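Plus 303 on top of the position in the sequence shown (first one is 1) and you've got the working numbering.
Just so you know, even glycine gets a beta-carbon here, dropped at the ideal spot from N, CA and C.
It should be emphasised that the depicted structure is a prediction, and the values quoted were computed from it without experimental measurement.
Structure first, commentary second.
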Amino acid sequence: MRKLKVGTRSSALALKQTELVIEALKSVDPSVAVEVVGITTKGDRLVHVPLTQIGGKGVFVKEVEAQLMDGTIDFAVHSLKDMPARLPEGLTIVATPKRANPFDCLIWNDDKPFPDTSAPLVIGTSSVRRINQLKTAFPNMSFVPIRGNIETRLRKMKEEKLDGIVLAAAGLERMDYLKGLHTLMLEPEVCVPAIGQGIMAVQCREEDKELIGLLSGINDEAASLACLTERSFLHRANGNCDLPIGGYAHRMGDGQWEFLAFLADSIDEPGITKRYVGENPLKLAESAADELLP
Numbered sequence: 304m305r306k307l308k309v310g311t312r313s314s315a316l317a318l319k320q321t322e323l324v325i326e327a328l329k330s331v332d333p334s335v336a337v338e339v340v341g342i343t344t345k346g347d348r349l350v351h352v353p354l355t356q357i358g359g360k361g362v363f364v365k366e367v368e369a370q371l372m373d374g375t376i377d378f379a380v381h382s383l384k385d386m387p388a389r390l391p392e393g394l395t396i397v398a399t400p401k402r403a404n405p406f407d408c409l410i411w412n413d414d415k416p417f418p419d420t421s422a423p424l425v426i427g428t429s430s431v432r433r434i435n436q437l438k439t440a441f442p443n444m445s446f447v448p449i450r451g452n453i454e455t456r457l458r459k460m461k462e463e464k465l466d467g468i469v470l471a472a473a474g475l476e477r478m479d480y481l482k483g484l485h486t487l488m489l490e491p492e493v494c495v496p497a498i499g500q501g502i503m504a505v506q507c508r509e510e511d512k513e514l515i516g517l518l519s520g521i522n523d524e525a526a527s528l529a530c531l532t533e534r535s536f537l538h539r540a541n542g543n544c545d546l547p548i549g550g551y552a553h554r555m556g557d558g559q560w561e562f563l564a565f566l567a568d569s570i571d572e573p574g575i576t577k578r579y580v581g582e583n584p585l586k587l588a589e590s591a592a593d594e595l596l597p
């Protein structure tokens with residue numbers, strides 16, 4: 304097989320995730336050769352502008368997908384939670400390696416005394432999903448927008464003297480940032496994760512059958528089913544960054560699947576979280592959509 308080019312965002316986390324995918328590929332075929340192509344996306348460039356003002360969901364993947372469609376790269380690695388409900392024609396998600404920690408993590412500013420969660424707290428996050436759910440769980444919290452990579456957000460927390468920030472645990476773990484931080488892992492019953500959080504999505508062209516055969520070798524069945532389940536709920540909701548929406552599917556110890564679905568009409572309206580359990584995760588997502596969506 305030819306030397307492959309993989310495209311990804313040029314952030315440190317995206318490059319780390321791509322490195323993990325390449326390692327997995329080499330475990331399937333040690334002879335595979337891969338060149339990494341870092342791509343700066345609109346979401347990376349406009350870090351001081353709210354995502355809802357620059358295109359919402361998709362601003363971290365469009366430039367990467369454009370190079371995939373024109374043949375500049377052979378496949379791409381994304382954070383699944385960045386991907387919109389509908390993919391461009393001709394592209395497909397062909398593999399989802401084993402899921403990392405899917406939950407949100409509240410990081411406390413260690414320049415301050417460890418906070419009393421019943422006291423007024425100022426938390427940095429721009430996610431309408433997180434804000435809506437945390438306002439319910441912690442009515443004493445107020446929120447300020449914060450964007451950028453992990454390092455930037457940790458720095459802003461200190462500079463702006465925030466009490467804390469909320470980040471995805473998967474990124475913190477992959478970049479080995481959790482050590483030394485004062486954290487509170489948010490259980491999904493408190494804050495239902497973003498659709499696909501903790502899952503890496505490997506995307507390629509539908510026509511590239513030989514490459515699909517190789518990439519499918521690193522697919523994890525449980526992650527794939529969770530991906531399909533959560534994204535089917537997102538698709539029904541036509542979800543984007545404007546809508547507070549979350550979904551988390553996982554296989555329980557008895558083989559049954561659990562799907563937690565969260566939906567709110569706006570950032571200020573109280574949301575609804577529902578739990579569904581059954582053998583077929585896709586049917587659980589369908590039930591959630593039927594019940595929660597108008």
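Supposed close pair residue i, residue j - CB separation, criterion 8 Å
i	j	result
Ala398	Val505	4 Å
Glu366	Ile342	5 Å
Ala344	Arg389	According to the sequence provided, residue 344 is Thr. The question's Ala does not apply to it. Their Cβ separation, rounded to whole angstroms, is 18 Å, which puts Thr344 and Arg389 out of contact at 8 Å.
Met460	Gly467	7 Å
Leu563	Gly581	That belief does not hold up - the Cβ atoms of Leu563 and Gly581 are roughly 13 Å apart, past 8 Å.
Arg578	Glu594	Contact flag wrong, Cβ pair sits at about 11 Å.
Ile291	Leu470	Shown here, the chain extends from 304 to 597; a query on residue 291 therefore has no answer.
Asn443	Ser421	6 Å
Arg432	Ile548	6 Å
Cβ neighbour criterion (16 or more within 10 Å) applied to residue i
i	result
Leu596	exposed
Ala336	exposed
Thr375	exposed
Thr455	exposed
Ala588	buried
Lys360	buried
His381	buried
Residue i - containing alpha helix (DSSP H), residue span
i	result
Gln559	Where Gln559 is concerned, there is no enclosing alpha helix (DSSP H), given that its DSSP letter is neither H nor E.
Arg433	Val431 to Ala440
Lys329	Ala315 to Val331
Lys308	That residue, Lys308, is in no alpha helix (DSSP H); its beta strand (DSSP E) goes Leu307 to Arg312.
Val335	Element bounds for Val335: n/a, residue is neither H nor E.
Leu596	That residue, Leu596, is in no alpha helix (DSSP H); it is neither H nor E in DSSP.
First through last residue of the beta strand (DSSP E) which encompasses residue i
i	result
Met503	Met503 to Arg508
Val397	Leu394 to Ala398
Ala379	Phe378 to Ser382
Leu409	Asp407 to Trp411
Val367	No beta strand (DSSP E) contains Val367, which is instead part of the alpha helix (DSSP H) from Lys365 to Met372.
Residue from the options with nearest C-alpha to residue i
i	options	result
Arg402	Ala473, Lys360 and Met555	Ala473
Ala591	Leu409, Gly558, Ala540 and Cys408	Ala540
Phe378	Pro387, Cys408 and Val340	Val340
Val495	Leu371, Asp479, Arg348 and Lys384	Lys384
Val324	Ala567, Glu392, Pro400 and Lys306	Pro400
Glu392	Trp411, Val380 and Leu371	Leu371
Thr532	His553, Leu518 and Leu475	His553
Residue-level contact to chain D via CB, residue i, 8 Å cutoff
i	result
Glu492	Note that chain D does not occur in the displayed structure, where there is just one protein chain.
Quick check on the DSSP output: what are the complete alpha helix (DSSP H) runs of length 4 or more inside the region 519-588, in order along the chain? 524-540
For the region 436-493, which segments carrying the alpha helix (DSSP H) assignment without a break, of at least 4 residues, lie completely within its bounds, in sequence order? Those alpha helix (DSSP H) runs which fall completely within the region 436-493 and span 4+ residues are 453-462 and 472-477.
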